[in-house]
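J.:
Numbering (this note's numbering), first residue to last: 151 to 755.
1) Less than 8 Å between the CB atoms is what I'm expecting for residue 411 and residue 462, so what's the real figure, rounded?
2) Could you give the distance in angstroms between the alpha-carbon of residue 371 and the alpha-carbon of residue 330?
3) Taking the straight line between their C-alpha atoms, what separation do you get for residue 336 and residue 261?
4) In the DSSP assignment, find the unbroken alpha helix (DSSP H) run with residue 594 in it and report its ends.
5) Shortest alpha-carbon distance to residue 369 belongs to which of 578, 638, 343, 388?
6) Note down the Cα distance separating residue 506 from residue 699, rounded to an integer number of angstroms.
7) Apart from the five residues just before and just after residue 323, which ones in its own chain have a Cβ nearer than 8 Å to its Cβ?
8) In chain order, what residues of the same chain lie with their CB nearer than 6 Å to the CB of residue 688, ignoring the 5 residues before and after it?
9) So, are the CB atoms of residue 129 and residue 571 less than 8 Å apart?
10) State the CB to CB distance for the pair residue 383 and residue 354, rounded to an integer number of angstroms; the pair is presumed to be in contact (CB under 8 Å).
11) I need the straight-line Cα distance from residue 759 to residue 496, nearest angstrom please.
12) How would you write the range of the beta strand (DSSP E) that residue 350 sits in, first residue to last?
13) In this structure, does DSSP put residue 696 in helix, strand or coil?
14) Looking at the strands, I want to know which residues DSSP matches up with residue 287.
15) Please state whether DSSP places residue 415 in a helix, a strand or coil.
16) Is the stretch 467-474 in contact with the stretch 576-584, if contact means three or more CB pairs nearer than 8 Å?
17) Check the DSSP bridge columns for residue 252 and list the partner residues they point to.
18) How many Å lie between residue 218 and residue 226 at the Cα?
19) In chain order, what residues of the same chain lie with their CB nearer than 6 Å to the CB of residue 301, ignoring the 5 residues before and after it?
20) Among residues of its own chain, excluding the 5 on either side of residue 702, which ones have a beta-carbon nearer than 7 Å to its beta-carbon?
21) Nearest-angstrom Cα distance between residue 366 and residue 421?
22) With C-beta atoms as the reference, is residue 257 less than 8 Å away from residue 401?
23) When the Cα atoms are used, what is the spatial distance from residue 667 to residue 489?
24) In terms of alpha-carbon separation, which member of 590, 646, 663 lies closest to residue 655?
25) Might you give, ordered along the chain, the residues of its own chain that have their beta carbon closer than 8 Å to the beta carbon of residue 424, omitting 5 neighbours on each side?
26) With 16 as the cutoff for other CB atoms within 10 Å, does residue 739 come out buried or exposed?
27) Can you find at least 3 beta carbon pairs, one from the stretch 656-663 and one from the stretch 671-684, that sit closer than 8 Å?
28) Where does residue 430 sit, in a helix, a strand or coil, going by DSSP?
29) Taking the alpha carbon of residue 362 as the reference point, which residue from 406, 574, 325 has its own alpha carbon closest?
30) Under the three-state reduction of DSSP, which class applies to residue 205: helix, strand or coil?
31) Taking only runs that begin and end inside the stretch 371-421, name each unbroken alpha helix (DSSP H) of 4 or more residues, in chain order.
32) Taking the alpha helix (DSSP H) that residue 713 falls in, what are its first and last residues?
33) Please report the straight-line C-alpha distance between residue 538 and residue 605, rounded to a whole angstrom.
34) Assign residue 545 to one of two classes, buried (16 or more other C-beta atoms within 10 Å of its C-beta) or exposed (fewer than that).
35) Using the Cα positions of residue 252 and residue 229, report the straight-line distance between them to the nearest angstrom.
36) How long is the line joining the alpha carbons of residue 725 and residue 479, rounded to whole angstroms?
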């Protein structure tokens with residue numbers, strides 16, 4: 151298409167151009183008139199209201215919440231819809247822009263001329279006839295809309311029939327497009343560009359090409375959601391004999407139904423399907439009447455934008471709608487805490503605390519001789535060659551002691567990483583891919599430093615409080631006094647016997663032996679009784695130590711891993727609720743997020 155100079159942008163349309171020039175000279179078209187050629191357009195649009203406004207606001211909010219989780223390519227279509235909605239809102243709401251599209255030879259130009267009552271678009275046997283979009287306006291104030299379509303002034307027309315046009319068509323802007331199947335690539339690009347900007351479209355088909363796969367697969371099927379702003383007109387029915395027109399029309403309806411386009415029959419919303427003959431005028435009156443009623447409702451722009459939002463929501467559905475009910479259940483959180491408890495060695499710490507408690511009880515309540523013997527054993531076994539170990543064995547033991555903690559640390563770290571990986575996978579199960587990835591990344595970030603924090607907990611809480619010794623029950627002093635009494639009985643009986651031997655005391659073997667025997671047997675008996683009495687408190691002390699360590703490990707894991715996961719799940723809940731608002735199916739979609747709470751989701755199982 152050749153370039154157009156600024157001078158050529160002026161209309162050159164015979165009587166129409168002269169009339170405009172006369173109005174300019176008479177002052178009827180002032181500098182601010184939207185139809186004055188070359189003058190800027192003054193926005194006269196109205197704000198969207200009701201459901202459409204709420205959906206557009208939700209789509210804008212949805213894009214803001216998703217900008218850090220989704221790439222620009224995924225959100226590009228939604229951004230285009232918002233931009234087009236804002237651009238259309240600034241323009242006239244009193245006009246409806248309708249494009250007439252069709253294949254080569256379908257009779258588009260003839261039909262628009264029949265609707266206008268005068269030759270508006272060139273017709274003929276030369277193909278393609280229409281090389282650029284041509285607009286016909288039935289009322290003033292549409293200059294901004296035509297500027298948006300990039301239709302130059304020389305290609306803007308006005309009908310002559312009935313003065314300024316039919317009353318029913320006041321507000322109509324009819325755009326004749328190039329052939330969508332043109333061999334010229336620029337023509338097809340023009341069609342695609344304009345179709346994305348108009349409020350409605352009339353598809354003109356003929357008896358030969360109404361089933362063309364290019365039309366159905368490239369345009370009708372992808373735009374099936376725009377059925378309410380779609381007209382499908384079977385032209386050239388005068389070429390069909392007898393009932394053939396009805397048969398072709400029925401087959402056309404069948405194809406449209408297969409394309410997923412709802413048909414507006416019996417008062418239901420959907421596409422309008424008509425049969426006309428632009429050449430003979432058959433059905434043109436019905437089309438003009440239907441088109442006039444459509445224009446006078448003045449909601450085609452909003453219906454088109456609502457369909458665009460539906461299409462954008464359908465494209466975004468895979469990245470927002472999960473298969474099930476995502477989240478962390480109570481069982482998953484408990485299992486995560488249990489795995490961290492294993493990693494931190496909570497059970498082993500509890501058992502060690504229980505043994506320590508019982509050991510302290512044995513030390514406090516045991517006989518002096520037994521404690522002396524244990525002291526001797528520790529002294530004997532802890533002293534180099536006296537312990538019966540060679541130098542080589544000592545070095546091997548030292549090496550084992552040096553390597554064992556490192557192996558334990560490695561094992562604990564692996565267990566922590568496994569626990570984090572499992573809980574992240576459970577939280578991400580069913581989520582769309584971007585949000586599942588965000589959950590896993592949050593878990594990995596939170597897990598950094600978690601093994602070291604658990605090690606500190608094990609050192610801090612695994613040891614006995616209050617100076618490194620477990621608490622002692624109230625009966626321990628009595629047991630110690632009883633053990634001391636048994637020891638005194640042994641000493642008393644022994645001194646009595648010594649006194650008899652040296653002749654200080656009167657001879658009598660039975661009483662001192664009986665006293666010594668009571669002390670000798672009473673000491674172990676007191677120790678046994680104390681050991682039996684210590685089992686319960688020792689077990690409870692070990693369980694309390696294990697519980698404290700388990701709770702501390704679970705709290706540490708919750709703060710570092712579960713809370714970041716819950717934050718991502720809450721963010722997903724917000725975007726899914728906004729997506730429900732955008733899609734217009736809030737009740738159905740929001741049901742799946744009702745169970746996603748700050749710390750998780752639905753109960754497992």
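Virtual Cβ for every residue (Gly too), placed ideally from N, Cα, C.
T.: In short:
1) The count along the chain shown starts at 1 and reaches residue 411 at position 261. The count along the chain shown starts at 1 and reaches residue 462 at position 312. Residue 411 to residue 462, Cβ: 19 Å. No contact.
2) As a first step, residue 371 is located in the chain shown; it is residue number 221 there, counting from the start. As a first step, residue 330 is located in the chain shown; it is residue number 180 there, counting from the start. Each residue's Cα considered, the two are about 15 Å apart.
3) Taking the chain shown and counting its residues from 1, one reaches residue 336 at position 186. Taking the chain shown and counting its residues from 1, one reaches residue 261 at position 111. Cα-Cα distance, rounded: 23 Å.
4) Residue 594 sits at position 444 when you count from the first residue of the chain shown. That run of the alpha helix (DSSP H) goes 583-597.
5) As a first step, residue 369 must be located in the chain shown, where it is residue number 219. With distances taken between Cα atoms, residue 369 lies closest to 343.
6) Translated into positions along the chain shown, residue 506 becomes position 356. Translated into positions along the chain shown, residue 699 becomes position 549. Going by the C-alpha atoms only, they are around 16 Å apart.
7) Here the question's residue 323 lines up with position 173 in the chain shown. Excluding positions up to five away in sequence, the list reads 245, 246, 247, 248, 285, 286, 287, 288, 292, 295, 296.
8) Residue mapping note: residue 688 aligns to position 538 of the chain shown, counting from 1. Within the same chain, and ignoring the five residues on either side of residue 688 in sequence, the residues whose Cβ sits closer than 6 Å to its Cβ are 504, 507, 508.
9) In the structure as shown, the chain begins at 151 and stops at 755. Residue 129 is therefore absent and cannot be evaluated.
10) Position 233 of the chain shown, counted from the first residue, corresponds to residue 383. Position 204 of the chain shown, counted from the first residue, corresponds to residue 354. Between residue 383 and residue 354 a beta carbon distance of about 5 Å is seen, short of the 8 Å cut, so the two are scored as contacting.
11) Since the first and last residues shown for the chain are 151 and 755, residue 759 lies out of range.
12) Here the question's residue 350 lines up with position 200 in the chain shown. Where residue 350 is concerned, the enclosing beta strand (DSSP E) stretches over 350-355.
13) Residue mapping note: residue 696 aligns to position 546 of the chain shown, counting from 1. Helix.
14) By one-based count along the chain shown, residue 287 stands at place 137. For residue 287, which the question treats as bridged, DSSP gives the partners 323.
15) Stepping through the chain shown from its first residue, residue 415 is reached at position 265. The answer is coil: DSSP assigns residue 415 none of H, G, I, E or B.
16) Of all C-beta pairs linking the stretch 467-474 to the stretch 576-584, three or more are shorter than 8 Å, placing the two stretches in contact.
17) Taking the first residue of the chain shown as position 1, residue 252 is located at position 102. Beta-bridge pairing links residue 252 to 354.
18) The residue you call residue 218 lines up with position 68 of the chain shown. The residue you call residue 226 lines up with position 76 of the chain shown. In this structure, the CA atom of residue 218 is about 14 Å from the CA atom of residue 226.
19) Locating residue 301 in the chain shown gives position 151, where the first residue counts as 1. Closer than 6 Å at the Cβ level, and outside the excluded window around residue 301, lie 283, 285.
20) For the purposes of this step, residue 702 is taken as residue 552 along the chain shown, with counting starting at 1. Same-chain partners within the cutoff: 607, 611.
21) For the purposes of this step, residue 366 is taken as residue 216 along the chain shown, with counting starting at 1. For the purposes of this step, residue 421 is taken as residue 271 along the chain shown, with counting starting at 1. Taking the straight line from one Cα to the other gives about 14 Å.
22) Locating residue 257 in the chain shown gives position 107, where the first residue counts as 1. Locating residue 401 in the chain shown gives position 251, where the first residue counts as 1. Residue 401 is positioned such that its CB atom lies no closer than 8 Å to that of residue 257.
23) Residue 667 sits at position 517 when you count from the first residue of the chain shown. Residue 489 sits at position 339 when you count from the first residue of the chain shown. Distance between the alpha carbons of residue 667 and residue 489: 54 Å.
24) Position 505 of the chain shown, counted from the start, is the residue given in the question as residue 655. Considering only alpha carbons, the answer is 646.
25) On the chain shown, residue 424 is found 274 positions in, with the first residue counted as 1. Shown here for residue 424: same chain residues with a beta carbon closer than 8 Å to its own, the five before and five after excluded, namely 381, 382, 383, 384, 433, 436, 437, 440 in chain order.
26) What you label residue 739 is simply residue 589 of the chain shown in a count that begins at 1. Its pLDDT being 43, under 50, residue 739 is placed unreliably in this model, and the coordinates cannot settle the point.
27) no
28) In the chain shown, counting from the first residue as 1, residue 430 sits at position 280. Residue 430 falls in the coil class under three-state DSSP.
29) Taking the first residue of the chain shown as 1, we reach residue 362 at position 212. The option with the nearest alpha carbon to residue 362 is 406.
30) One-based indexing of the chain shown puts residue 205 at position 55. Note: residue 205 maps to helix in three-state DSSP.
31) Taking 4 residues as the minimum length, the alpha helix (DSSP H) runs contained wholly in the stretch 371-421 are 394-408, in order along the chain.
32) Indexing the chain shown from 1 puts residue 713 at position 563. Taken as a continuous stretch (DSSP letters only), the alpha helix (DSSP H) holding residue 713 covers 713-733.
33) Here residue 538 refers to the residue found at position 388 of the chain shown. Here residue 605 refers to the residue found at position 455 of the chain shown. For residue 538, the pLDDT reaches just 38, beneath the cut-off of 50, and the residue's location in the model is therefore unreliable, leaving the point undetermined.
34) Locating residue 545 in the chain shown gives position 395, where the first residue counts as 1. With a pLDDT of 39 at residue 545, under the threshold of 50, the modelled position of this residue cannot be trusted, and the question is left open.
35) Position 102 of the chain shown, counted from the first residue, corresponds to residue 252. Position 79 of the chain shown, counted from the first residue, corresponds to residue 229. Cα to Cα, the separation comes out at about 29 Å.
36) The sequence position of residue 725 within the chain shown is 575, counting from 1. The sequence position of residue 479 within the chain shown is 329, counting from 1. One C-alpha to the other measures close to 21 Å.
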